[in-house]
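Counting from 64, one number per residue, gives the positions in the sequence shown under this note's numbering.
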Amino acid sequence: MDESVKQLNQQVQSQEEEILGYCCADNNGFCINSFGNLENNAEATSGYIRGILKRANRLALSNGQSNPVVVVECDSTKYILQSQDNANVCVVRKSSQNNLSSESEQEKE
């Protein structure tokens, strides 16, 4: 495993209490490492991660930019995707929308 990928894996796992899941794929879409709620479907997920980031990079390059961050926010989770060196990473966190809706419900009570 590439040294920068090892370092990235260690960094993410050190914040494990804040992170619900993690998947790291190589540039061919093969899973390098995963844990949490992405671990069970890591082989399929890693291909999706690579595909999404490949298309995002095309969009960014057409505007003279590189290395975009893709964020998909759902009701309870937020998926953050980015390419770093030879790795394509997806980190899953609790969604801030979920926190905002529960705060507004508490205010109503």
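Note that beta-carbon positions come from the ideal geometry of N, C-alpha and C, so glycine has one too.
Residue i - partner residues in DSSP beta bridges
| i | result |
| --- | --- |
| residue 145 | 132, 152 |
| residue 98 | 85 |
| residue 140 | 157 |
Short Cβ contact (8 Å threshold) for residue i with residue j
| i | j | result |
| --- | --- | --- |
| residue 155 | residue 116 | no |
| residue 141 | residue 158 | yes |
Own chain residues within Cβ distance below 6 Å of residue i, not counting five before or after
| i | result |
| --- | --- |
| residue 89 | 95 |
Own chain residues within Cβ distance below 7 Å of residue i, not counting five before or after
| i | result |
| --- | --- |
| residue 104 | none |
Residues near residue i by beta carbon distance below 8 Å, same chain, minus five either side
| i | result |
| --- | --- |
| residue 134 | 141, 142, 143, 144 |
| residue 132 | 143, 144, 145 |
| residue 120 | 129, 130, 131, 146 |
| residue 97 | 84, 85, 86, 87, 105, 108, 109 |
Distance between beta carbons of residue j and residue i, contact taken as under 8 Å
| i | j | result |
| --- | --- | --- |
| residue 113 | residue 92 | 4 Å |
Any non-hydrogen atom of the ligand ATP closer than 7 Å to residue i Cβ
| i | result |
| --- | --- |
| residue 120 | The ligand ATP is not part of this structure, which contains no ligands at all. |
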